[in-house]
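Only one structure is covered here, and it is reproduced in the block below.
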């Protein structure tokens, strides 16, 4: 993770790639295509005529549905068609890459060397590694990180400018969750929870308070909707371990990006709520 990401100088929506795609992600997707399709020299017709290739239907679909070019312009040689596909891939808009993936899935070559489920798994692994806001589900690209979730994180980072401790926890949670080399979801969740505990200490003016105790004070002082109190009490359940390690949740070995993102968004929502609530009561 680069300096700008570690210290919060890179916008959240660039760290979580929504409505954008950096060169690293684009390169990775192409490399998977290259390994799964273009570089399979043993496939019949790979170095010969396009019409004899087992990639014929897939190449045709690109020309007709994506490129919107006359199909009689498809090069005779498969290798030349792939060069044209590559040129298109690296100059098109970010969203067209996802359309490119969907088009491939809709026209996946039958009885191909690399099975479709393996191809999907490789793409999804890359999307998670590179912090894309999208995944392949049921052969379609779907959004897993909404604009509202990103906005919540951005608002919390902005709203806590005057609270360096809270901002530090949030930046660390984001950093650990989105580290492309070595993500640490367990400690990202800890940092998100610690940010909530920090805002509670400030709001209640009690350095020793816990989230559970703070909720009661906040309810009495500012008022809490029953549904909100219930959801926050469940959040407290994640943090109420006696030894402070929160092992009830955090000892799970299968924590994922989704778990860390959920907790970060939930915690930033609560932080934003508390800050706005205290403004109206002051």
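Residue numbers (full-length UniProt numbering): 1 to 282.
Where is the CB? At the ideal position from N, CA and C, for every residue including glycine.
Contact between the region 58 to 77 and the region 96 to 103 is present: three or more C-beta pairs spanning the two stretches fall below 8 Å. In this model, residue 197 and residue 20 are separated by some 33 Å (Cα to Cα). In terms of Cα proximity to residue 269, the closest of 113, 143, 126 and 159 is 159. When the five nearest sequence neighbours on each side are left out, the beta carbons in the same chain lying within less than 7 Å of the beta carbon of residue 145 are those of 16, 18, 133 and 261, in order along the chain. Sixteen is the threshold: when 16 or more other Cβ atoms of the shown chains lie within 10 Å of the Cβ of residue 28, as they do, the residue is buried.
Residues 136 of the same chain have their beta carbon placed closer than 6 Å to that of residue 120, with the five preceding and five following residues left out of the count. Residue 189 has its alpha-carbon roughly 52 Å from the corresponding atom of residue 77.
At a Cβ-Cβ threshold of 8 Å, residue 50 and residue 85 do not count as neighbours.
Taking the Cα of residue 154 as reference, the smallest distance to any Cα among 199, 143 and 171 is reached at 171. Assigned with DSSP and collapsed to three states, residue 18 falls in coil, not helix or strand. Secondary-structure assignment with DSSP links residue 143 through a beta bridge to 134.
Scanning its chain for C-beta atoms nearer than 8 Å, with the 5 sequence neighbours on each side dropped, one finds around residue 143 the residues 18, 133 and 134, in chain order.
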